[in-house]
Amino acid sequence: MKKFGIEELDGLLRDGFLDSSTIVIVGSPSSRKELFSFSFVEEGVRSNESSLFFTLGRSIDRVTKGFKRRGINIEDIEVIDGYSWRLNESLDEERLNLKGPNLNEFLHLYNKSRCRLGDGGRTVIDSFNSIANFAEPNVINNVLQLLMAEEKSKNNLTLLTVEKSLSSEKLSFVQSTASTLIETLFLEGKKFLKICWHDAGSFDSRWHNYEIERGVSESSPHRIRVDKPIGDSELKNRLDRRSIMDS
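In our numbering, each residue carries its 1-based index in the sequence shown increased by 12.
This is the structure in structure tokens:
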């Protein structure tokens, strides 16, 4: 069984993740989903697992800085710059165009990079909206099915981040791939998360407040700390009403 890499979150998941599991984190940009992605890869590096990070939602510069703050050498992971379709290069040219046949190119780059890394590692696609916003629902579903079939065949642990702004039809396709679904919400200036389901075993499905812990210096990494389950029933009701699981 594998861990996510955030101590309190792994405690809520209890049994960890089976090989070839797919984790989907869905929420708003203000929930800082990228920090979940960084922690996920950091755990993989710590466990000597090969890691592929396909960055679509932010520049390669920001991703590199995020890993450096965690003491991770960018040479130890495979980073694909989804802005420019080039591996391990900074974004200084035109923004990635994902329309039409370029989705095939995305799959080609993904497969080529994953083949270099071998089996039994970790994959992050952050954020899937950058692909899904530019294609029809049936195309997105096909891409997802191809990706997940490849990941499962290679026994990889996969993390997809996605924003709630995605259309309900496309969002349902992404959710359907999840072995574990974690929802994040931003309400009244605070961040909350809930594990909606987890195929690998028992888990805590209550709402938890989480905070971004800043380091002692500018170069220190920001880390996620998950608090105890919230006890305010009125707050829980407001969170449930905004949940994608109840929409």
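Even glycine gets a Cβ: it sits at the ideal position worked out from N, Cα and C.
Quick caveat: nothing in here was measured; it's all calculated off a predicted structure.
Asked	Found
Can you tell me whether ARG134 is buried or exposed, with buried defined as 16 or more other CB within 10 angstroms of its CB?	buried
What do you get for HIS120, buried or exposed, if any count of 16 or more other CB atoms within 10 angstroms of its CB means buried?	exposed
Excluding sequence positions up to five away, which residues of its chain have a Cβ less than 6 Å from the Cβ of GLY28?	MET13, LYS14, LYS15
From this set, ASN221, SER232, PRO241, SER188, which residue's C-alpha is nearest THR34's C-alpha?	SER188
Under 8 Å by Cβ, that's how I've got LEU183 and GLU195 pegged, so tell me the actual separation to the nearest angstrom.	Not a contact, Cβ separation roughly 11 Å.
Going by C-alpha to C-alpha distance, which of SER62, PHE66, SER42 sits closest to SER49?	PHE66
In terms of alpha-carbon separation, which member of LEU68, LYS77, ASP22 lies closest to PHE52?	ASP22
Measuring CA to CA, which of SER59, GLY56, ILE92, SER62 is closest to SER71?	ILE92
Going by alpha carbons, who is nearest to ARG58 out of LYS45, GLY83, SER42, ARG226?	GLY83
Could you check which residue in LYS166, LEU172, THR173 has the C-alpha nearest to that of SER4?	This structure cannot speak to residue 4, because the chain is shown only from 13 to 259.
So what's PHE140 in DSSP terms, helix, strand or just coil?	coil
Select from SER179, GLU87, VAL238, ASP211 the residue whose C-alpha is nearest the C-alpha of LEU24.	VAL238
Using only the heavy atoms of the ligand HEM, determine whether one of them is closer than 7 Å to the beta carbon of LYS77.	Here there are no bound small molecules, and the ligand HEM is not part of this structure.
Less than 6 Å between C-beta atoms, sequence neighbours within five positions excluded: which residues of the same chain meet that for ASP244?	none
Helix, strand or coil: how does DSSP classify ASN221 here?	strand
Which value, in whole angstroms, describes the spacing of the CA atoms of ARG226 and SER125?	33 Å
Leaving out the 5 sequence neighbours to the left and right, which residues in its chain are closer than 7 Å to PHE198 when beta-carbon positions are compared?	SER40, SER42, SER43
CYS127: which of HIS234, ARG254, LEU64, ASN221 sits nearest, CA to CA?	LEU64
Would you identify the three-state DSSP class for LEU1, choosing helix, strand or coil?	Past the boundaries of the shown model lies residue 1; the chain is included only from 13 to 259, so the question cannot be answered.
Taking 8 Å as the cut-off, decide whether the C-beta atoms of LEU171 and VAL186 are in contact.	no
Quick check on DSSP: helix, strand or coil for LEU159?	helix
Would you tell me roughly how many angstroms separate the C-alpha atoms of GLY201 and GLY130, rounded to the nearest one?	42 Å
Keeping to the same chain, check which residues put their C-beta closer than 6 Å to that of GLY78; ignore five residues upstream and five downstream.	PHE50
Along the alpha helix (DSSP H) that carries GLY23, what are the first and last residues, could you check?	19-25
By Cβ distance below 7 Å, which residues in the same chain neighbour LYS176 in space, the five residues on each side in sequence not counted?	VAL38, GLY39, SER40, ILE256
Tell me whether GLU90 sits in a helix, a strand or coil according to DSSP, three-state version.	strand
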